[in-house]
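With the numbering used here applied, the sequence shown corresponds to residues 30 to 245, in that order. Think of the CB as a built atom: it goes at the ideal place given N, C-alpha and C, for glycine as much as any other residue. Predicted model, so just to flag it, every value in this text is computed and none were measured. These notes are about the structure you will find just below.
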Amino acid sequence: MEIQDLEKLIKGRRSIRQWKRQDVSEELLRKAIELATWAPNGGNYQGWRFIVVKNRGIIEQMADAVQRVADQIASWPEAVSWQEEVNRYRKNASFFRNAPVCIGVFSGAYQSPLDKVLVAREPFDPEAKKILGFRRSAPTAVQSGAAAVTTLLLVLHHMGLGAVWLVSPIQAKREIETLLKVPPGIDLLCLVAVGYPDESPKKERRPVDEVLEFIY
30 MEIQDLEKLI KGRRSIRQWK RQDVSEELLR KAIELATWAP NGGNYQGWRF IVVKNRGIIE
90 QMADAVQRVA DQIASWPEAV SWQEEVNRYR KNASFFRNAP VCIGVFSGAY QSPLDKVLVA
150 REPFDPEAKK ILGFRRSAPT AVQSGAAAVT TLLLVLHHMG LGAVWLVSPI QAKREIETLL
210 KVPPGIDLLC LVAVGYPDES PKKERRPVDE VLEFIY
């Protein structure tokens, strides 16, 4: 693949929130997830798990669970200071109920040998506690899952599908895990809503010089 082709793929991807009423084949979804599992991951642990939901009733129940929490947050007096933003968030919290497919992305806990050393020393060593806190601020499982989701989104786009990475469903983590019968020790990271796109949203990016720094 030429760099120009890769650039076109990456820059052509969009977060899609409207889909056609068209089924997405299991074959395409299986291939997309297979390729996503080739993403880099911490310690080559490969602790990710994917649950593909095509059942309309279950998708509706997941959306309802997310909406309930969004409504609850919006009702709190602390939300008044950010009412406009909170109301917008509340309005859009469960739009994924219209997606033909929702992919649940999960991960098992990962503890490297270094983590085990730090956990053992944490109770009596402030330095170990500090280092462990740094490591927990960017958990390996979350970083690995993010790499898999990024790969998944690009593959789905290449297949002509439209998807959106959903982080807000984490607020209904327990309800979603119960609905999907997720075993203990496996945690929800996000949902990815998928279908054939029925919109072509614009996408803007900040100039690279605003986010890039070289240190020589």
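Of the listed residues Q200, L183, D227 and Y225, nearest to K40 (C-alpha basis): L183
Under a three-way DSSP split, which group does W111 fall into? helix
For my contact list, A222 and F125 are in at a C-beta cut-off of 8 angstroms; report their separation, rounded to the angstrom. 4 angstroms
Spatial neighbours of G174 within its chain, please: C-beta separation below 7 angstroms, excluding the five flanking residues on both sides. W77, V134, S136 and L218
Please work out which residues of its chain come closer than 7 angstroms, Cβ to Cβ, to M188, disregarding the five sequence neighbours upstream and downstream, and give them in chain order. L57 and A61
DSSP-derived helix/strand/coil call for S44: strand
Proximity winner among G71, L147, N116 and P236, relative to P168 (alpha-carbon distances): G71
L57: first and last residue of the uninterrupted alpha helix (DSSP H) it sits in: E55 to A65
For V95, which option in W111, R203, I244 and R234 has the closest C-alpha, if you only look at C-alpha atoms? R203
Threshold first: 4 residues or longer. Then list the alpha helix (DSSP H) segments lying entirely within the region 162-213, N to C. 169-187 and 202-208
Can you tell me where the beta strand (DSSP E) holding V134 begins and where it ends? V130 to G137
Could you tell me which residues DSSP pairs with G71 in its beta bridges? Beta-bridge pairing links G71 to no other residue.
Could you tell me if W105 is buried or exposed, where buried requires 16 or more neighbouring beta carbons within 10 angstroms of its beta carbon? exposed
F79 versus D52: straight-line alpha-carbon distance, rounded: 19 angstroms
CB-CB length for I88 against A128, believed under 8 angstroms: 7 angstroms
6 angstroms Cβ shell around R119 - same chain, five flanking residues per side excluded: A99 and A103
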